[in-house]
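Undergrad:
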Amino acid sequence: MDLAVNNLTFLWGPISMVKNDFTKGRGKAMLRKTTALLSALFLITLGATGCDSQSSFNHQLQNPKHLIQDGLLSLAETTNRLFLGGEVTGFGRLKRDGKIDFALVTPSLTRMDLLNFDLSTLISPQMDTISIIGNDLNIPSNIALPDQRENYSLITIRLNKPSYRSFVHNPGTHTFSALRGQFPVRQVVDDFRNDKSIFEIMNHFQFLGSGQMDVQLNTPVENQAFPVDQFTFDQQVEIAGLPLEPGKLSFAVSLADQNGKFSPVDLKNLKPDAVQPLAVAPYGNRFLLGALVNEGAEGELPQFDQMSLTLIPMEYKDQLDFLPLAKKPEFLSETTLQIYPLEMREGLIPQYVYVSFSEIQTHGEGSLKTEEKTLIWDNFYSGFPSQVEIPKLDFNKDPNKKYQYEVLYLAKDPRLVQRASTTALDEITHISRNVVVVQE
202 MDLAVNNLTF LWGPISMVKN DFTKGRGKAM LRKTTALLSA LFLITLGATG CDSQSSFNHQ
262 LQNPKHLIQD GLLSLAETTN RLFLGGEVTG FGRLKRDGKI DFALVTPSLT RMDLLNFDLS
322 TLISPQMDTI SIIGNDLNIP SNIALPDQRE NYSLITIRLN KPSYRSFVHN PGTHTFSALR
382 GQFPVRQVVD DFRNDKSIFE IMNHFQFLGS GQMDVQLNTP VENQAFPVDQ FTFDQQVEIA
442 GLPLEPGKLS FAVSLADQNG KFSPVDLKNL KPDAVQPLAV APYGNRFLLG ALVNEGAEGE
502 LPQFDQMSLT LIPMEYKDQL DFLPLAKKPE FLSETTLQIY PLEMREGLIP QYVYVSFSEI
562 QTHGEGSLKT EEKTLIWDNF YSGFPSQVEI PKLDFNKDPN KKYQYEVLYL AKDPRLVQRA
622 STTALDEITH ISRNVVVVQE
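In this note's numbering, the protein residues as written are 202 to 641.
1) Could you check how far apart the C-beta atoms of Ser455 and Ala480 are, in whole angstroms? I think they sit under 8 Å.
2) Quick one, which of Gln605, His631, Tyr604 has its alpha-carbon nearest Leu617's?
3) Using alpha carbons as the reference points, say which of Glu547, Lys472, Ser378, Val429 lies closest to Phe368.
4) Using the Cα positions of Asp627 and Arg634, report the straight-line distance between them to the nearest angstrom.
5) Cα separation between Pro478 and Ser398?
6) Using the C-alpha atoms, what's the distance from Leu526 back to Ser509?
7) Which residues share a DSSP beta bridge with Pro514?
8) If the criterion is Cβ atoms closer than 7 Å, does the pair Tyr353 and Val390 meet it?
9) With 16 as the cutoff for other CB atoms within 10 Å, does Ile344 come out buried or exposed?
10) With which residues is Thr575 paired in a DSSP beta bridge?
11) Quick check on Glu496: does DSSP put it in helix, strand or coil?
12) Write down every uninterrupted run of the alpha helix (DSSP H) in the segment 397–425 whose length is 4 residues or greater and which is fully enclosed by it, in chain order.
13) Under three-state DSSP, which class holds Phe523?
14) Looking only at DSSP bridge pairs, what is Val638 linked to?
15) Do you know offhand how far Ala612's Cα is from Ile331's?
16) Excluding sequence positions up to five away, which residues of its chain have a Cβ less than 8 Å from the Cβ of Gln507?
17) With the cut-off set at 7 Å, would you say Ile301 and Val386 are in Cβ contact?
18) Report all residues from its chain with a CB closer than 6 Å to the CB of Gln436; omit the five preceding and five following residues, and keep chain order.
19) Within this structure, are the beta carbons of Leu295 and Gln349 separated by less than 7 Å?
20) Assign Pro615 to one of three DSSP states: helix, strand, or coil.
21) What does Pro551 pair with, by DSSP beta-bridge criteria?
22) Label Pro421 either buried or exposed according to how many other C-beta atoms from any shown protein chain fall within 10 Å of its C-beta, with 16 as the threshold for buried.
23) In three-state terms, what does DSSP make of Glu628?
24) May I ask you to report which of helix, strand or coil DSSP gives Val389?
25) Quick check: what's the CA-CA separation for Thr374 versus Asn419?
26) Measuring straight from C-alpha to C-alpha, what distance separates Glu516 and Gln619?
27) Let's see if you can read the secondary structure: which residues bound the beta strand (DSSP E) around Met328?
28) Inspect the beta-carbon positions of Ser411 and Phe432 and report whether they are closer than 7 Å.
29) With 16 as the cutoff for other CB atoms within 10 Å, does Asp415 come out buried or exposed?
30) Let me know if Gly335 comes out buried or exposed under the rule of 16 or more other beta-carbons within 10 Å of its beta-carbon.
31) Count the other CB atoms, across all protein chains shown, that sit within 10 Å of the CB of Leu534; report buried if there are 16 or more and exposed otherwise.
32) Between Ile550 and Pro615, how many whole angstroms is the CB-CB distance? I'm expecting something under 8 Å.
33) What's the C-alpha gap between Tyr555 and Ser587?
34) Given this structure, state the Cα-to-Cα distance separating Ala453 from Ala475, to the nearest angstrom.
35) Have a look at Leu576 and Phe532 and give me their C-alpha separation to the nearest angstrom.
36) Can you list, in chain order, the residues of its chain whose CB lies under 6 Å from that of Lys574, leaving out five sequence neighbours each side?
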């Protein structure tokens with residue numbers, strides 16, 4: 202975790218997580234993502250502009266509550282958001298066929314990213330504006346529309362937004378995918394004009410293929426051409442929807458696992474007791490991410506605060522099920538959260554409770570409202586305890602942003618774990634989460 206006060210940079214974390222990257226005049230440290238539990242011995246490092254860093258080893262910290270209090274530390278604001286941008290290529294000559302061609306550019310996801318999954322993981326919270334039939338329409342920045350003309354009623358509409366921007370949180374080498382797809386122009390344009398959410402229309406989207414690219418991002422990249430014709434999705438699997446209680450929704454994401462990085466391939470809304478085709482990639486190990494969520498208000502996205510996720514190899518798709526939706530955690534004191542262990546089916550084994558504190562910024566509105574999440578603090582706790590200790594996080598909160606704790610229950614079904622699992626997090630198959638909001 203990287204916190205800053207003026208020119209002072211403060212870094213804390215398990216020794217196994219830290220990669221020293223201090224240089225004179227920079228005062229910067231990098232903390233590598235890891236699945237190590239936070240009960241390890243900790244390294245504390247201080248650095249400042251123009252000075253060498255000083256490190257102190259072997260601090261046993263279950264929670265850094267004595268390090269973050271009384272408003273002495275404030276969160277460092279991100280000055281340069283990292284993104285890959287440019288134009289998509291490889292569509293060839295497009296003819297009028299009643300379908301709009303598009304590309305969706307996304308970074309690959311780690312298992313830690315999947316713990317914090319919501320639709321903004323795939324659909325950018327940043328928007329670009331285009332004009333259709335005299336109406337301005339906000340389009341997520343990671344969706345590109347090559348130059349094309351289609352008929353809508355008696356009108357010919359032209360779409361031309363070949364540009365894309367796909368954002369990441371951390372510097373380093375990232376694998377990006379540019380998914381090529383199509384959707385029927387009349388049905389989807391009508392749905393958008395009627396303020397239906399992306400979730401409601403996603404089943405109209407057909408994903409046909411993709412391109413992939415590894416990019417080193419230390420600063421934003423703005424002029425990267427991205428071909429979409431490297432791979433063809435010529436295979437599908439069928440996913441059976443599960444019975445749902447009133448007010449609940451479920452969806453499925455097809456993923457390709459390449460050395461622990463999951464690239465999205467397809468995304469579909471699952472209807473109860475119906476079979477939904479889902480495209481699979483010709484690369485990587487095939488995985489299925491299923492999600493159970495609460496319906497949103499009319500025309501808005503589902504509510505992701507309370508959510509159950511299942512991540513399993515695609516070969517086990519017929520065994521898709523979910524943990525019960527978790528009850529909202531409650532504060533017993535300023536530094537203690539009451540949580541409520543779940544009742545689980547036979548075969549599921551409790552592993553950890555993962556607790557995080559995040560800053561949430563809302564972008565857009567209505568059918569395209571998304572949330573951008575910035576992680577401030579997190580911790581793992583073994584098993585499914587009934588309460589957990591959390592740090593006292595006092596700092597100057599932005600009154601225009603939301604702050605919340607998330608509690609995730611992590612369980613595994615050993616029968617559904619891939620043989621190549623190398624870490625504890627690799628074995629997690631079932632997740633259920635809920636949040637408690639500190640500031641709206």
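Cβ coordinates follow ideal geometry from the N, Cα and C atoms, glycine included.
TA: Taking the geometry as given:
1) Within the sequence shown, the letter at position 254 stands for residue 455. Within the sequence shown, the letter at position 279 stands for residue 480. Yes, they are in contact, since the Cβ atoms of Ser455 and Ala480 sit about 6 Å apart, within 8 Å.
2) Taking the first residue of the sequence shown as position 1, residue 617 is located at position 416. It is His631.
3) As a first step, residue 368 is located in the sequence shown; it is residue number 167 there, counting from the start. When only C-alpha atoms are compared, the closest one is Ser378.
4) For the purposes of this step, residue 627 is taken as residue 426 along the sequence shown, with counting starting at 1. For the purposes of this step, residue 634 is taken as residue 433 along the sequence shown, with counting starting at 1. Distance between the alpha carbons of Asp627 and Arg634 is about 18 Å.
5) The residue given as residue 478 occupies position 277 in the sequence shown. The residue given as residue 398 occupies position 197 in the sequence shown. Looking at the two C-alpha atoms, the distance is approximately 21 Å.
6) By one-based count along the sequence shown, residue 509 stands at place 308. By one-based count along the sequence shown, residue 526 stands at place 325. If you take the alpha carbons of Ser509 and Leu526, they lie about 6 Å apart.
7) Taking the sequence shown and counting its residues from 1, the one referred to as residue 514 is at position 313. Note: Pro514 sits in a beta bridge opposite Phe488.
8) Taking the first residue of the sequence shown as 1, we reach residue 353 at position 152. Taking the first residue of the sequence shown as 1, we reach residue 390 at position 189. Contact: yes.
9) What you label residue 344 is simply residue 143 of the sequence shown in a count that begins at 1. Label assigned to Ile344: buried.
10) Sequence index remark: in the sequence shown, residue 575 carries index 374 (1-based). For Thr575, which the question treats as bridged, DSSP gives the partners Glu560.
11) Here residue 496 corresponds to residue number 295 of the sequence shown, with the count starting at 1. In this structure, Glu496 counts as coil in the three-state DSSP scheme.
12) 399–402
13) The residue you call residue 523 lines up with position 322 of the sequence shown. Three-state DSSP puts Phe523 in coil, outside helix and strand.
14) If you number the sequence shown from 1, residue 638 lands on position 437. Answer is Gln605.
15) Numbered from its first residue, the sequence shown carries residue 612 at position 411. Numbered from its first residue, the sequence shown carries residue 331 at position 130. Their Cα atoms are separated by approximately 44 Å.
16) Locating residue 507 in the sequence shown gives position 306, where the first residue counts as 1. So the qualifying residues of the chain are Val494, Asn495, Leu526, Ala527, Lys529, Arg634, Asn635, Val636.
17) Locating residue 301 in the sequence shown gives position 100, where the first residue counts as 1. Locating residue 386 in the sequence shown gives position 185, where the first residue counts as 1. Yes. Within cutoff.
18) If you number the sequence shown from 1, residue 436 lands on position 235. Contacts found: Val481.
19) Within the sequence shown, residue 295 is the residue found at index 94, counting from 1. Within the sequence shown, residue 349 is the residue found at index 148, counting from 1. Against a cut-off of 7 Å, the Cβ pair of Gln349 and Leu295 comes out as a contact.
20) Here the question's residue 615 lines up with position 414 in the sequence shown. Three-state result, Pro615: helix.
21) Counting from one through the sequence shown, the residue named residue 551 turns up at place 350. In the DSSP output, where bridge partners are listed per residue, Pro551 has Ala612.
22) The residue labelled residue 421 in the question sits at position 220 within the sequence shown. When all chains shown are included, Pro421 counts as exposed.
23) As a position in the sequence shown, residue 628 is number 427, starting the count at 1. Correct three-state label for Glu628: helix.
24) Taking the first residue of the sequence shown as position 1, residue 389 is located at position 188. In the structure shown, Val389 sits in a helix (DSSP, three-state: H, G or I).
25) Translated into positions along the sequence shown, residue 374 becomes position 173. Translated into positions along the sequence shown, residue 419 becomes position 218. When rounded, the distance between both Cα atoms is 9 Å.
26) To locate residue 516, count along the sequence shown from 1; it is residue 315. To locate residue 619, count along the sequence shown from 1; it is residue 418. Each residue's alpha carbon lies about 10 Å from the other.
27) For this step, residue 328 is matched to residue 127 along the sequence shown. Per DSSP, Met328 belongs to the beta strand (DSSP E) from 328–333.
28) As a working mapping, residue 411 is identified with position 210 in the sequence shown. As a working mapping, residue 432 is identified with position 231 in the sequence shown. Yes, Cβ-Cβ distance for Ser411 and Phe432 is below 7 Å.
29) To locate residue 415, count along the sequence shown from 1; it is residue 214. Asp415 is exposed by the Cβ-count criterion.
30) Translated into positions along the sequence shown, residue 335 becomes position 134. Counting Cβ neighbours within 10 Å, Gly335 comes out exposed, since fewer than 16 surround it.
31) Residue numbering aside, residue 534 sits at position 333 when the sequence shown is read from its first letter. At residue 534 the sequence reads Ser, which differs from the Leu that was named. So Ser534 counts as exposed.
32) Locating residue 550 in the sequence shown gives position 349, counting from the first residue. Locating residue 615 in the sequence shown gives position 414, counting from the first residue. That belief holds up - the Cβ atoms of Ile550 and Pro615 are roughly 7 Å apart, short of 8 Å.
33) Locating residue 555 in the sequence shown gives position 354, counting from the first residue. Locating residue 587 in the sequence shown gives position 386, counting from the first residue. Rounded to the nearest angstrom, the two C-alpha atoms are 13 Å apart.
34) Position 252 of the sequence shown, counted from the first residue, corresponds to residue 453. Position 274 of the sequence shown, counted from the first residue, corresponds to residue 475. Spanning the two alpha carbons is a distance of roughly 13 Å.
35) What you label residue 576 is simply residue 375 of the sequence shown in a count that begins at 1. What you label residue 532 is simply residue 331 of the sequence shown in a count that begins at 1. When rounded, the distance between both Cα atoms is 20 Å.
36) Residue numbering aside, residue 574 sits at position 373 when the sequence shown is read from its first letter. Same-chain partners within the cutoff: Ser559, Ile561.
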